[in-house]
Every structure is written in structure tokens, then in C-alpha cells.
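Residues in the sequence shown are numbered from 1 upward in steps of one, following full-length UniProt numbering. Just so you know, even glycine gets a beta-carbon here, dropped at the ideal spot from N, CA and C. Since the structure comes first, as C-alpha cells, the remarks are kept for the end.
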Amino acid sequence: MEVPRLALLLPALLGGSALTKPLPAPVELYVQSGQIATPSPLAKYEPPAGCYVGIWADLNSPAGQADLEQVNRAVGSHAVYFRYNFFRKPENSNPWSPFFPAAFVQKLAGDTAAIHLAVEPRIPLKEVTEDLVREWARQARNMNQPIFMRWASEFNDSVNNWSKDPALYREKFRMVARIMHEEAPNVAMVWTPMAFTDIKSVIDYYPGQEFVDWVGITLYSKYYWNGDPAKVTVNMLPTERLETLYHTFSGRHPIQVSEYAAEHHSASSSRDLSAFATSKMQQFYFNIMLKYPRIKNINWLNFDMTAADEYKGYAVTRRANYNLLKSSSVLKTYQHILSEPYFLKTFRAASKYSYVPFPNTTGKDVQVLSYVGDARVSSVRYFLDGVLVQKSTVAPYRIQLRNLKTGRHILRAVANVGRPVEQTFMVR
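Listed below in C-alpha cells is the structure:
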């Protein structure tokens, strides 16, 4: 499937200075292998290989339900559906914001789909009592469906009231986790900061390995850096922003991208940013597929903040359109991404394939793919023993080498930017 590939041209087309981080090579070469399962024991609901794909779902409006149905018709299905759930006293809930969203779970969960609830306290943390948590846990248990509970996430954002006291945060997270483990074994606990670069900014909030089933992260691809129209992020790889978290926690927990999306429109500009969005989402999903095997769940926020009444009071730089259906090229790119069998559209499934750095020895047939190390990459030419074999212009820049002769070979990958990359290997 042809998808937009204008990353290299975006600064000229859209203007603004581009933020960039020098990288040693434009691409890194990977090969497809059979399934390489994560060593046991797996965490609750962790697939042995592959990555669940999830999506934000709005069942409170006919338009939201229609959007979900249309997206699922386009891509087939999703393994995870998520929504926000405001945690407060039951008497303060309402049909649009229930104490526990039972109707949402009943509608979307099942043999092929799990639920991800972003549970945000709407009462002070000190007022989060065992009785309230146990009532929520009992209602969750009664659903008898798999639930990811993302409790009080983005605690490293000072606008959230639960960010003020790390010790109190740890205490309440541990209490919630303990009660879920006692009352609701169908609930997996997810600890989720927003994207960060300094581990010191989040580590004081970490409640400990025994209380966390999955570690999450929220991040977005926004065209303007911190809303500054003079700085654009076209030359930044979105996966850079999860490096620290991944290398700190992936040995202990599977990683959930609790929220991700790339904006194709912003309230701060009339420009069509679809080319930016399609570039970033491919870099994000495909780089994860190749290089980050413990990332096992990615959730797309399928939402238009530019049109939602509840966001009209926000700064225009914070209001972005992430709705897949509002840009045909973005939807086509999402279809292209989810066509990869590595991305699991059915819960409790597993990928038959894994990806590893290009080895020194291969068989006679090998599938090669390129991890993008430079956000400007839009094509890769592959030369085998000095002869051009293929030019790939669609991520993940795949080439299939067949019937290789026994002996020594050199594969040379030449991206449209940066230096060539060479791999010498032996064919058995």
C-alpha cells in the first residue's frame, strides 16, 4: 500500500526551524525471525510476542460510536479499547461518568478484546479509602473481563493533584494494587508517567515491582515543540521519548504505550499536518516493532480536541486533531501499520514473528527491514554485493532476499539521507 512519504520535505513545505538530534546512522538493519518469546514468567495479560493495538472509544454519543465502528471496519478490530474513568464517591457519579463504567466493559470486552481504563481521582488522594477502592474492585471483578487499570497516571505533570506528594502517591497506588490483587484478579495494574527524559522526575513515584503489572507511558507527536511555532519537531523520532523508560523498566515489566497519537491538524494553525502525522506514526509503530520487543500494547487516542467543547478553554497549542477518520492519508497509514501481523488486533493472540538485528549468519532466504534512526529517512536502496536489488519507499523499508548463494555477502543500505550502512554476513 502506498502511504505518504514527505518527511524530508516537511520543513520546506510547512516552515519553521526543525529540532533535530544527531544520530550515528540513518537506519539499522533487522531481520524477521520466528517467534522469540519473552522469557517466563509473563506478566498478567502479556503476549509472549507481538504488540496489542488499542484505541480510545467514545460510547457516550452516536457520533463516537459511529467513529469506532468505521475505524474497526477499516482495520478489522482492536485488541484493547480504552476510556477515562473518574474515581470519586458513587453518589457523585452520573450516567456519562459512572463510578465504574460497566456498560462500556459489557459492550466492548470479550474473548477477543480487553479494556483499558484510565482511572483518575476526582477526590484528593487522602480521601481514596479502602472501602471506595474495594467497591470499584468488586464491580470490576463482576465483569469477569480483562481490564488494564491505569491508576492516577501522568503523576509527573504538575497540573494533576496527585502529583504533589510522591510518598502519598506510592502509598495509595500500593493500596489500590493490593485490593485489586485480592478482589479483582482480572485487573492488571498499570503505572504510567507521561513522557520524560530524566528518570529522577518519576522514580520517586514508582510503588515497587510487586505492585505494578505493566509500566506505561503517554506521549504524542505534536508538530510544534511546546507550542512554539518557531520550532517544529519533524526531525525528532517519537521513540526517542520512551528510551529512558524502556531501558529502566523493560527488564521488570512489559511496557504499555497508554496513549499515543500524531496530530494531523492543530487549533494553532490552519495547515494540513497529515504528512507529518503519517511520517511520525510509521516511525513510532515500526521502530517499536523492530527494536522494542517488550512494548506489548499501544493505544491510539482517536479524538479531535479542536472540535470538543470541553477543550475550547485550553490553549490552542494543546488542542490537536488525532481522529483517524478526519484525514484519509492518516487512516490509510494506520491501515498499513495494522496490516503487519506483529500488531495484534485480537486479545490473547501472539505474533508468529519477531525481529532481531541482522546476524552474522543467515539462511538462504531472509527478510530485511530498516529501523529508522534519522527522522528524515523516506527511502532506502539495498545493494547486495554491489548490485542494486531494490529501492523501498514505504516503511518499514522491507526487502526479501531469496535463494542466496552459500558464502560471504555484503548488504549495503543507502537511505536518502546520512551515510550508507553495511552488513557483512555468511549464508549457510
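May I ask you to report which of helix, strand or coil DSSP gives residue i?
i: residue 324; result: helix
i: residue 404; result: coil
i: residue 194; result: strand
i: residue 336; result: helix
i: residue 346; result: coil
i: residue 410; result: strand
i: residue 421; result: strand
i: residue 189; result: strand
i: residue 64; result: helix
i: residue 29; result: strand
i: residue 35; result: coil
i: residue 154; result: coil
i: residue 238; result: helix
i: residue 228; result: strand
Considering only residues of the same chain and omitting the five flanking positions on each side of residue i, which have a CB-CB separation below 6 Å?
i: residue 274; result: 264, 327, 329, 330
i: residue 213; result: 43, 44, 188, 189
i: residue 174; result: 207, 211
i: residue 221; result: 238, 262, 280
i: residue 102; result: none
i: residue 412; result: 383, 420, 422
i: residue 36; result: 354
Identify every residue that forms a DSSP beta bridge with residue i.
i: residue 117; result: 83, 149
i: residue 53; result: 298
i: residue 276; result: BP columns for residue 276 are empty, so no partner.
i: residue 426; result: 361, 408
Within the same chain, show all residues whose beta-carbon is closer than 7 Å to that of residue i, passing over the 5 residues directly before and after it, in chain order.
i: residue 153; result: 118, 192, 216, 218, 258
i: residue 367; result: 31, 32, 398, 400
i: residue 12; result: With a pLDDT of 36 at residue 12, under the threshold of 50, the modelled position of that residue is not reliable, and the figure given next carries that caveat. Once the five neighbours on either side are set aside, residue 12 has no close Cβ partner at all.
i: residue 60; result: 96
i: residue 130; result: 175, 179
i: residue 183; result: 134, 137, 138, 141
i: residue 405; result: 427
Is any heavy atom in the ligand GDP found nearer than 7 Å to the beta carbon of residue i?
i: residue 187; result: With respect to small molecules bound, the structure shown includes none, and the ligand GDP cannot be examined in it.
Grab me the residues of residue i's own chain with a C-beta within less than 8 Å of its C-beta, minus the 5 sequence neighbours each way, in chain order.
i: residue 305; result: 267, 311, 314, 318, 319, 320, 321, 322
i: residue 3; result: Low per-residue confidence applies at residue 3: pLDDT is 41, beneath 50, and the placement is therefore not dependable, though the value from the model is reported in the following sentence. Hits under 8 Å: 278, 282, 329, 332, 333, 336, 394, 395.
i: residue 407; result: 426, 427
With residue i and residue j assumed to form a contact (beta carbons below 8 Å), what rounded beta-carbon distance in angstroms separates them?
i: residue 345; j: residue 76; result: 5 Å
i: residue 50; j: residue 349; result: 7 Å
Across the region 244-251 and the region 290-305, are there enough close Cβ pairs to call them in contact, namely three or more that are closer than 8 Å?
The region 244-251 vs the region 290-305: in contact.
Do the region 125-140 and the region 223-242 make contact, defined as three or more Cβ pairs closer than 8 Å?
no
For the structure I just gave you, are there three or more beta carbon pairs, one from the region 62-76 and one from the region 382-390, closer than 8 Å?
no
Taking contact to mean 3 or more Cβ pairs, one atom from each stretch, closer than 8 Å, check whether the region 299-307 and the region 46-56 are in contact.
yes
Under 8 Å, with one C-beta from each stretch per pair, do the region 79-99 and the region 362-376 reach the 3-pair mark?
no
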